[in-house]
Each structure stands twice: as structure tokens, then as C-alpha cells.
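J.:
Residue numbers (the numbering used here), protein chains in the order written: chain F, 1 to 461; chain L, 1001 to 1409.
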């Protein structure tokens, strides 16, 4: 008899498993693929490695300006791919080790819930458990007319497995994945068309920060098309052809060697026996959860991408920890992860990171906010390292000065954001950041200056 | 050995007193005879002198009322003794009392009055919110990390009404004390004098300024050419010049036993200026000399520069004396349609008090139309001006305002 059986060993499942074991729960994790889930195997981690290599490749240009020339022709993309798989291997092994060290039983196989407190693995082995945590994650969303063949029409998984660079790439959807691959492929010399139906690329991020990315993308040669939909996508000759429909109705046919279709993700909730056990799903197949990620069936919890919270690894991890703490009889500080305190991070260059209120939301909701922005070039470090494109933006309550949201675009934005996020979550005020001595020269000085902006006293603004 | 200082019995009938202000700070070294505090009784407030010398330790905070002979402060012989008194204060009634002194000062004074370990853990945001709301953090329990008081605790305390400074029943809470001195004293005596020594009365009416507003609009449209955005007051002054030309006695002063009627029109313009505290105001009458010789643009320019001088404290003696008639406008400040009874500016015989215009249905050519009406009050001294000339003067004003082309006369 287990205290907890977790289905799925992604960033939600394995973190929950470790935490559960720490809290003294007898825990097993069932995984049908590799430990680490999409994040480690076919998502965040390999893509970060590709971005890193793409950056190195791009930086060769800078080396050339000081007389070091390295031939580009010898680029072996299969080696690039190989390196990213090595990283994945290191980390998945790490996760397996972590589970072992914490005495979590790792079971390979496909799990389904077959009864109250019963999980079957591959329809054979039956595990009896007090609690079940479903953390099965999501997969690339397949849209009729844009089905993946992973040869010419790629999903995020397909593009991560490429061993050869295409000549050109049509990216449909300029969310985080679309933008990251636009950046990677463009750096490696692939001709990229980036198409987004909404008003700006990265539509769930702050428009002002995205404008900076848009500008840099266009300058670096990416063909960015916003307010544009793909009417259809077909395999023609050697590549793909798509009809792009602009908001004004005008149509244009574009061709590319391959297409990357990143319209979103679909929850993996089928075939798990959820509905049979009385777990309520919404019309799109997401699990409806209440406090502490409990589903409508007693003893079954659900976390991560299969719920309606943002499909981010760190959300899944946080939900996993909260859910197992609740199972273990602790009372977590919150009944749900506070989405205002969840950072988003996009790793193209310039990076985009943010949390909390966005300016467009404030306008929409009719909220009065105080805003302060500070452009990267005001922090000397950005000039010194040749990364002047960027800004730090903060939104505060006009009365209490509470930090309501912050958005950073630029080099290292995803790391820099955490100073502001800590300030927000610890309820520090802009003056607390402004009064803190920041090392010189750092990009963090831009964060300090943005905070000073609320008192109208930036030094380098 | 520390010396106790108790609420002094300052009068036979005094049973209790309120410390309105400590005139020395916690921990200061106080000399004998130095002013120590302002103590208020039911009737009077006293500045009390220190009967002793020593390092001063406050026991009763500002605003607290205690019976006579109750301990309110102590004098320590040495800094060490002071520290002991301050440390011991944690068990004395200080924390509760500190709440009434307002959270901001309680926080500032916290290291001095709170015992070691009694530090209140609260996020900066929570402190700010508590400070703004006048909430005593000592009475709020924290639910944040490590028991820290966070925003949600403040919101919940506010909702439940916990930690709010209790509203004192019986006995008012003072926001500010404005000394009756300087400009305030001058205004007070002039007003009383005006009302006591004259036979002043006010009449009120409304004039249709729709056409005048249209005329002003064409001036405003030519702001660049004219070099100034001609204000409505410039037109009023022009109309007043027209009126006193019809009824000269309205432009006069009582000097000794003579009514002196003037040819030149020196316009007294009542100006509101800052007071000595954020709560009171000041009033000055700036004087624009010889307006009868000026066109609208010049009136406007000179009036603005005059007002600028007065507000910046750069007024000359001429700028503040010699008025023959007064304009005191509450336009834009008062509710639309208000009619006032302004007090006469001595020694002038008359004062015009226009207020905020109001739109009204009026009958014009047997039709009801919306017109912009300016409420006007005219205060005059019946010792100098009888009803008949006063009425004629008002009528002349009325005609000029309704037919602004008369300003050319």
C-alpha cells in the first residue's frame, strides 16, 4: 500500500515525488517515457541548449571583428543536436538519481486509474494507494489542416529532433516556443518567417517589452508577420506552402522548406480512467481542480499542464509540492499557486521575463497604476557587453506603491526578474530596491533605476 | 535614581490633563526650566516648564488624557538609567499608548520604546498600508512567512476593524492649531471693523454672459497675437469701469468725514494666498492702479503680473494699497449659481462679488433658451451710497455684461 502514486515524472510529478518522500509518504512514480517529462526531454532543457549553441554561433561574428575567423561551412547540425541530447541525458539521469536517493519507487510503464485507490501499470501490475497525483502534462496541439508529420510539418518535439538545418522555416505561432526557435534557426542561418495571428509576438507578454523583441528580430532578418493567420498549410514539392491572411483580408502565399506549428498545447487526460473515476474535465479536456489541486474525485489530485493554470514547469512543480503537503496533512500557505507571483520566461535574445499585472490588462480593467521604465543603455554594463537592447518596466499601485507587475526584456532578463519578484512576494516597495546598493557594473542597476523612477530620481535615466 | 514627573495640577479646578505636545524628544537631556510640554485642560492649554533636569523618558504619549498626579514622564540621571527606563517601558503601558500616537511615530520610535525581541515583523508594504490607515501593527497578527504581517493581514484587520485607533468620545482630536497672528490677525480685525463700522449690505442678481463668453472666446483664440490668454476677470474689471463712469459715487472712499469720489479707478482684487498651515488660508487685496486707462489686454497682463508679485511675496506698498473699489470673485471655486454677501474692503464704498456661472433656461424672444448666467453680489456702504445709485450702478454693470460691446464706450 502506497501513500501516493504519481502518474508522470515531469517537473510536476518528480518534484512532487521528492517532496512527498521528504514528508514521509511512501511514494511511487509511474512514467511511460523518460524521467523529466517534456520539459527535460523535449522542451525547456534541450531548447535552452540549442539557444546556447545558437548564441555561440552568432557570436562568431563578433570574434571576426577582432580578426578571429572560423569557417561556418563546417557547421554540423547533427553535432549540435547531439550536444543537446547529451545535456538531456545528464539531467534525466540526474532526476532518476534524485528519485532513487529519496527512496521514491520509479516504475516504467503506462498507468491508468482502475479503481478507488488503484493504479494499474500497463494493465498488469496493480498498485494500491491512498492518494493519486495525476501529472501527465501536455503535448503539442494538433489543429486540423496543420497536422504534424514531423518531417516537414513539425511540432516543438519534431524541431528539437532535427539533425539537419532546413533552408527556410515557416513558424506559425509566435508564442514562447515560436520565438525561441525563430531566434535559434535565424542564428544558424535559416531563413525564418514568423507568423502571429494576434497584435504582437509573444501575445501573453507585455506589449512594450515585446516591441523590443520584435524590433531586434526584424533587424536580424526574421520576417515577422503579426495580425496574420495561416489559412492553410500544404506539402508541395520539397517543402511546404501556406496562405497567409492578414487582418485586412489580403492573402499571400509563402513557401518554406519546413513549417513549425506551435498553436499551443493539449492536455494528456485521455485513457487514464479519470472520467470513469468521477474526475471532472472541462469541455477542452482539462481537469477541473479545487483547493490544493484536488479533483472532484476524493483522493485524486491533478497538477500542471492538465489543469487550466499556465503550462509552465515551475507552476507544475509548485502545484505538486502544495498538493503533496496537503496530502501529508500540512496546511500549505495557499490553496492555489498565486498566478500573480508566477514568472514567465522566454529565452530568445533579447530575453523576455515578467510577472503580475501587464499594462494592457491595467488599461482593460480600468486600473490606475504608476509605471516606471528604465532602458538598458542607462546601465553601462549593457553597452560594455554589446547588449543595449532592453528595458525594465515596473507597475505599482498609485497609493500603496505595491509592486503589481514587472516586465524585463533584454540580456539576462529571465535571471534579473527574480529581484523584482522577490520584492513583490516579500511585499517590498520600490524604495526598498532603490535604496539598496547594486554592484557596478551590472544589468541589475537597470532594475534599481526603474525602482528609483517611482520617486522620479533616476541617476542615469 | 530617576525622578518621576506627573501630570501637573495647573489650576484649582483641573482634575485631568492631556499632553498635546511633548516639546522635547524621548531621550533628550532636559534642563530645569526648559519648556517641556503643552498640556491642555478642558478650558486652557498651558506650556509647562521642566521642574527638574535629566535625560527625559516619555511615559504617556501625545494625545493621552490622564488624571493629575499620574506619572507621565521620568528624568533619568544618566544615559544608562535612561536605557533601563526605556527597556522597562515594554511592560509599562507604552505599547498600547503608542498606538494612539499614530503608527508612523510608533514605528519611528519603535527601537526606543520597544523591548528587545518585541520588534514587530511586517513587510514594508504592510507597514505603509498600516501607516496610511492609522492601524496599530501591534494589534495585527501576521500570517506571512515567519509570522510576518503582510498585506492580507492588514486588509483583514481593516475589514474586522482591528487595530484602529479608538475614536475618543468626549474630547475633540486636534488636527492643527492656527495661531491668530500675522496675516490671520490682520484679516480678522479688518473684517470685524468692516462689519462693525459700516452700514454695508449686499444685493444679488444674475447677468446673462453668454455673449460675453463668446466674445472672450475670440480673445482666447488669439492668445498668441495678444500675448496673453485674457481672463474673464479682465472683462469684469472693464465692466466695472463702465459702471462707475455711470455712477461715480460707487468709486469712492470714506476718508474722515468726507466721501472722496475718484476719477481714477484703482481696482482692489481679493486674492487667496497660502495660510500658515495646510488648513487655513490667507486673503490679500492686490491693487491694480488706473484701470480706467487700460485696454483688456493690458488689464489682463498687469493683473497677472500683480497677482504673481503678491503670491511670491514681492509686492510693493503700491501693489497693496490705494483701492477705490474692489473685485472679489469666487468663480470656479464656489458652486454654480452661488450668491454671496462679501464683506466690504475698507475704505471702499463698493465691492463686486461674482461667483461661478450657471446654465439656466431663459426666455429670449418669447422662447426658452439655455443661457450662461453669472451670479453677482454687490456690497455697498449705505453711509455713502443709497439704494438708488447702488441700483443704477448694478444695472449699468448688468447692461455692460449682457451687452459687452458697451465695454468700448
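Think of the CB as a built atom: it goes at the ideal place given N, C-alpha and C, for glycine as much as any other residue.
(1) List the residues of chain F whose Cβ lies closer than 7 Å to the Cβ of residue 1129 (chain L), in chain order.
(2) Answer yes or no: do residue 1249 (chain L) and residue 1349 (chain L) have a C-beta to C-beta separation smaller than 8 Å?
(3) Should the segment 234-245 of chain F be called in touch with the segment 68-84 of chain F, which here means at least 3 C-beta pairs below 8 Å?
(4) What residue does the alpha helix (DSSP H) around residue 79 (chain F) start on, and which one ends it?
(5) Taking 8 Å as the threshold (beta carbon to beta carbon), is residue 1140 (chain L) in contact with chain F?
(6) In angstroms with no decimal places, state the Cα-to-Cα distance between residue 432 (chain F) and residue 1156 (chain L).
(7) Between the alpha carbons of residue 336 (chain F) and residue 68 (chain F), how many angstroms are there, rounded?
(8) Contact criterion: CB-CB distance below 8 Å. Does residue 420 (chain F) meet it with respect to chain L?
(9) What does residue 1125 (chain L) touch in chain F if you count any residue whose Cβ is under 8 Å from its own?
(10) Does residue 1151 (chain L) get closer than 8 Å to chain F when you measure Cβ to Cβ?
(11) Looking at C-alpha atoms only, which residue of F:56, F:308 and F:445 is the closest neighbour of residue 382 (chain F)?
(12) For chain L, is any of its Cβ atoms less than 8 Å away from the one on residue 338 (chain F)?
(13) Would you kindly work out how many angstroms separate the C-alpha atoms of residue 1276 (chain L) and residue 1296 (chain L), rounded to a whole number?
(14) Report yes if the C-beta distance between residue 272 (chain F) and residue 134 (chain F) is below 8 Å; otherwise report no.
(15) DSSP state of residue 1101 (chain L), grouped into three classes?
(16) Give the secondary structure of residue 140 (chain F) by DSSP, where H, G and I count as helix, E and B as strand, and everything else as coil.
(17) Compare the Cα-Cα distances from residue 1329 (chain L) to each of L:1359, L:1201, L:1317 and L:1272 and report the closest residue.
(18) Curious, which full-length beta strand (DSSP E) runs of at least 3 residues does the segment 152-216 of chain F contain?
(19) Does the pairing of the segment 1258-1269 of chain L with the segment 1281-1292 of chain L give three or more beta-carbon distances under 8 Å?
(20) Among F:368, F:241, F:43 and F:175, which residue has its Cα nearest to the Cα of residue 463 (chain F)?
(21) Kindly give me the distance between the Cβ atoms of residue 1376 (chain L) and residue 1205 (chain L), rounded to whole angstroms, as I take these residues to be in contact under 8 Å.
(22) CB-CB under 8 Å to residue 98 (chain F), same chain, minus the five flanking residues each way: which ones, in chain order?
(23) Would residue 1136 (chain L) be called buried (16 or more neighbouring beta carbons within 10 Å of its own) or exposed?
(24) Expressed to the nearest angstrom, what Euclidean distance is found between the alpha-carbon atoms of residue 164 (chain F) and residue 228 (chain F)?
(25) Could you compute how far the alpha carbon of residue 136 (chain F) sits from the alpha carbon of residue 121 (chain F)?
(26) Can you find a heavy atom of the ligand HEM that lies under 7 Å from the Cβ of residue 386 (chain F)?
(27) Answer with yes or no whether the minimum CB distance from residue 1102 (chain L) to chain F is below 8 Å.
(28) For residue 1160 (chain L), write down the residues that DSSP places opposite it in a beta bridge.
(29) Could you pull out every unbroken alpha helix (DSSP H) segment of at least 4 residues lying fully inside the segment 1210-1248 of chain L, listed in chain order?
(30) Does chain F have any CB closer than 8 Å to the CB of residue 1094 (chain L)?
(31) Assess contact between the segment 18-34 of chain F and the segment 79-86 of chain F, defined as three or more Cβ pairs (one per stretch) separated by less than 8 Å. Is contact present?
(32) So which residues of chain L does residue 432 (chain F) contact, with C-beta pairs closer than 7 Å?
(33) Where does residue 396 (chain F) sit, in a helix, a strand or coil, going by DSSP?
(34) Where does residue 1055 (chain L) land, buried or exposed, given buried means 16+ other C-beta within 10 angstroms?
(35) Whole-angstrom Cβ separation of residue 1400 (chain L) and residue 1239 (chain L), contact assumed at under 8 Å?
T.: Once the coordinates are examined:
(1) On the second chain, position 129 is the one that residue 1129 (chain L) refers to. Proximity of chain F to residue 1129 (chain L) at the Cβ level (cut-off 7 Å) is accounted for by 400, in chain order.
(2) As a first step, residue 1249 (chain L) must be located in the second chain, where it is residue number 249. As a first step, residue 1349 (chain L) must be located in the second chain, where it is residue number 349. Contact flag set, yes.
(3) At 8 Å Cβ cutoff, the stretches do not touch.
(4) Residue 79 (chain F) sits at position 79 when you count from the first residue of the first chain. Run containing residue 79 (chain F): 77-101, per the alpha helix (DSSP H) assignment.
(5) Mapped onto the second chain, residue 1140 (chain L) falls at position 140. Look at residue 1140 (chain L): its C-beta is not under 8 Å from any C-beta on chain F.
(6) As a first step, residue 432 (chain F) is located in the first chain; it is residue number 432 there, counting from the start. As a first step, residue 1156 (chain L) is located in the second chain; it is residue number 156 there, counting from the start. Rounded to the nearest angstrom, the gap between the Cα atoms of residue 432 (chain F) and residue 1156 (chain L) is 24 Å.
(7) Here residue 336 (chain F) refers to the residue found at position 336 when the first chain is read from its first residue. Here residue 68 (chain F) refers to the residue found at position 68 when the first chain is read from its first residue. Roughly 53 Å separates the two Cα atoms.
(8) Along the first chain, one-based indexing puts residue 420 (chain F) at 420. Closer than 8 Å: no.
(9) What you label residue 1125 (chain L) is simply residue 125 of the second chain in a count that begins at 1. Chain-order list of chain F residues neighbouring residue 1125 (chain L): 400, 401, 402, 427, 428 and 429, by C-beta distance under 8 Å.
(10) Stepping through the second chain from its first residue, residue 1151 (chain L) is reached at position 151. Yes, residue 1151 (chain L) counts as interfacial toward chain F.
(11) In the first chain, the residue the question calls residue 382 (chain F) occupies position 382. Of the listed residues, the one whose Cα sits closest to residue 382 (chain F) is F:445.
(12) Translated into the one-based positions of the first chain, residue 338 (chain F) becomes position 338. Cβ-Cβ to chain L under 8 Å: no for residue 338 (chain F).
(13) For the purposes of this step, residue 1276 (chain L) is taken as the residue at position 276 of the second chain. For the purposes of this step, residue 1296 (chain L) is taken as the residue at position 296 of the second chain. Approximately 35 Å, taken between the alpha carbons.
(14) Counting from one through the first chain, the residue named residue 272 (chain F) turns up at place 272. Counting from one through the first chain, the residue named residue 134 (chain F) turns up at place 134. Taking C-beta atoms as the reference points, residue 272 (chain F) and residue 134 (chain F) count as a pair closer than 8 Å.
(15) What you label residue 1101 (chain L) is simply residue 101 of the second chain in a count that begins at 1. Summary for residue 1101 (chain L): the model assigns pLDDT 36, below 50, so the residue's position carries little reliability; its value from the coordinates is reported in the next sentence. If DSSP states are grouped into helix, strand and coil, residue 1101 (chain L) belongs with coil.
(16) Counting from one through the first chain, the residue named residue 140 (chain F) turns up at place 140. In the structure shown, residue 140 (chain F) sits in a strand (DSSP, three-state: E or B).
(17) For this step, residue 1329 (chain L) is matched to residue 329 along the second chain. In this structure, L:1272 is the residue among L:1359, L:1201, L:1317 and L:1272 with its C-alpha nearest to the C-alpha of residue 1329 (chain L).
(18) Counting whole runs of 3 or more residues, the segment 152-216 of chain F contains the beta strand (DSSP E) stretches 168-172 and 191-195.
(19) Cβ pair count under 8 Å is three or more, so yes.
(20) With chain F covering 1 to 461 only, the question about residue 463 (chain F) has no answer from this structure.
(21) Start at 1 with the first residue of the second chain, and residue 1376 (chain L) comes out as number 376. Start at 1 with the first residue of the second chain, and residue 1205 (chain L) comes out as number 205. About 6 Å; that satisfies the 8 Å criterion.
(22) On the first chain, residue 98 (chain F) is found 98 positions in, with the first residue counted as 1. 14 and 18, listed in sequence order.
(23) One-based indexing of the second chain puts residue 1136 (chain L) at position 136. It counts as buried.
(24) Working through the first chain from its first residue, we reach residue 164 (chain F) at position 164. Working through the first chain from its first residue, we reach residue 228 (chain F) at position 228. Each residue's alpha carbon lies about 28 Å from the other.
(25) What you label residue 136 (chain F) is simply residue 136 of the first chain in a count that begins at 1. What you label residue 121 (chain F) is simply residue 121 of the first chain in a count that begins at 1. Distance from the CA atom of residue 136 (chain F) to the CA atom of residue 121 (chain F), rounded to whole angstroms, is 14 Å.
(26) With respect to the ligand HEM, the structure offers nothing, as it holds no ligand at all.
(27) On the second chain, position 102 is the one that residue 1102 (chain L) refers to. For residue 1102 (chain L), the predicted model reports a pLDDT of 37, less than 50, meaning its position is unreliable and no value from the coordinates is stated.
(28) Reading the second chain from its first residue, position 160 is the one you call residue 1160 (chain L). Beta-bridge pairing links residue 1160 (chain L) to no other residue.
(29) Correct list: 1210-1221, 1223-1226 and 1232-1246.
(30) The residue labelled residue 1094 (chain L) in the question sits at position 94 within the second chain. Per-residue confidence for residue 1094 (chain L) stands at a pLDDT of 35, beneath the threshold of 50, marking its modelled position as unreliable; the derived number appears in the next sentence. It does not; no Cβ of chain F falls within 8 Å.
(31) For the pair of segments examined, the segment 18-34 of chain F was found not to touch the segment 79-86 of chain F: the number of CB pairs separated by less than 8 Å stays below three.
(32) Working through the first chain from its first residue, we reach residue 432 (chain F) at position 432. Among the residues of chain L, those whose CB is under 7 Å from the CB of residue 432 (chain F) are 1124, following chain order.
(33) For this step, residue 396 (chain F) is matched to residue 396 along the first chain. In the three-state scheme derived from DSSP, where H, G and I count as helix and E and B as strand, residue 396 (chain F) is classed as strand.
(34) To locate residue 1055 (chain L), count along the second chain from 1; it is residue 55. Counting of Cβ neighbours within 10 angstroms places residue 1055 (chain L) among the buried residues, the total reaching 16 or more.
(35) In the second chain, counting from the first residue as 1, residue 1400 (chain L) sits at position 400. In the second chain, counting from the first residue as 1, residue 1239 (chain L) sits at position 239. Contact between residue 1400 (chain L) and residue 1239 (chain L) is confirmed by a C-beta separation of about 4 Å, below the 8 Å threshold.
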